[in-house]
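Throughout the sequence shown, residue numbering follows the numbering used here, covering 287 to 484 in sequence.
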Amino acid sequence: MNTQQSNPKSFFLTPIQTVFLASMIAADFGFGMVVKNLLAPTHILNVVRIDMVVPFMLMLLTRVMIDRFGVLILYEGVWGLLAVLAMPGAFGLPGFLKLLPALSQGLILDALMTAFKRFPTSRLYISAIVGGAISTIVFFGLKLALGMPWLKVVQILFGLQMLTNLIVWALGAYLTKEVYGRIHSSQMARRIAFVPDN
287 MNTQQSNPKS
297 FFLTPIQTVF
307 LASMIAADFG
317 FGMVVKNLLA
327 PTHILNVVRI
337 DMVVPFMLML
347 LTRVMIDRFG
357 VLILYEGVWG
367 LLAVLAMPGA
377 FGLPGFLKLL
387 PALSQGLILD
397 ALMTAFKRFP
407 TSRLYISAIV
417 GGAISTIVFF
427 GLKLALGMPW
437 LKVVQILFGL
447 QMLTNLIVWA
457 LGAYLTKEVY
467 GRIHSSQMAR
477 RIAFVPDN
């Protein structure tokens, strides 16, 4: 899987990249609001976050299409702000505290995607598995810092979420590889990835 190369000297996103990024964030957020409300009564999301497969795929797909460090930090920052305004239950955290796990996840994934850029396919799985583990630890660490007791039931929940998150994120990485493999040579993908020299 070949990634499109962007000009590292260009700091700003092009108009088409900005529109693409905004569209992917909107799709991610809209999908989450619909699916979470549909699955909430089943309580399955307490164990397996199957609602995160598509959003994670959208996030990684955005990063490989606009292959530059900082894209996922921006992605997650905007998503976090939308969650503050319209998704009270996101992350199980109040108000602007939702930005902490969102931004940390964006930073972790951005760093891993950049560090393993020479391995286009492998970096998707490395970012998914390692990033998923670190993000889960950060999230639970934040909740513990805010007063959640480290009871036996919480420890079991942590273990279950760690295991299932890794499976969900790896599936998201696989879907990213498949989707990107089909579209990366298209004219639209090339236009999104292209960054002019000036």
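Just so it is clear, CB atoms sit at the ideal spot from N, CA and C, and this is done for glycine as well.
Taking C-beta separations shorter than 6 Å and ignoring five residues to either side along the sequence, the partners of A475 in its chain run I469, following chain order. The beta carbons of L428 and P387 sit about 6 Å from each other, so the pair counts as a contact at 8 Å.
Scanning its chain for C-beta atoms nearer than 6 Å, with the 5 sequence neighbours on each side dropped, one finds around V340 the residues F317, in chain order. The count of Cβ pairs closer than 8 Å, one atom from the stretch 403-415 and one from the stretch 451-461, reaches three, so the stretches are in contact.
Apart from the 5 residues on each side of it in sequence, V321 sits with its Cβ closer than 7 Å to the Cβ of D337 in its chain, given in chain order. For the 8 Å CB-CB criterion, I442 and S421 do not form a contact.
DSSP, read as helix, strand or coil, puts I352 in coil. Rounded to whole angstroms, F405 and L398 show a C-alpha spacing of 11 Å. Taking all protein chains in view, the Cβ of T348 is crowded by 16 or more other Cβ atoms within 10 Å, so the residue is classified as buried. Minimum Cα-Cα distance from K463 among the listed residues G445, Q473 and S408 corresponds to S408. Of the other Cβ atoms in all chains shown, 16 or more fall within 10 Å of the Cβ of I478; this residue is therefore buried. DSSP, read as helix, strand or coil, puts T300 in coil. DSSP, read as helix, strand or coil, puts K403 in coil. Residue environment analysis places A372 among the exposed positions, since fewer than 16 neighbouring C-beta atoms fall within 10 angstroms of its C-beta. Cβ atoms of F355 and D396 come within 8 Å of each other, at about 5 Å. For the stretch 371-449, the full-length alpha helix (DSSP H) segments reaching 4 residues or more read 385-401 and 408-431 along the chain.
In terms of Cβ geometry, L346 and L410 form a close pair [threshold 8 Å].
The criterion of a C-beta distance shorter than 8 Å is not satisfied by W365 and G418. Each residue's CA atom was taken as its position, placing T300 and S471 some 19 Å apart. Boundaries cannot be given for M338, as no alpha helix (DSSP H) includes it and DSSP labels it neither H nor E. Residue environment for M434: exposed (fewer than 16 other C-beta atoms within 10 angstroms of its C-beta).
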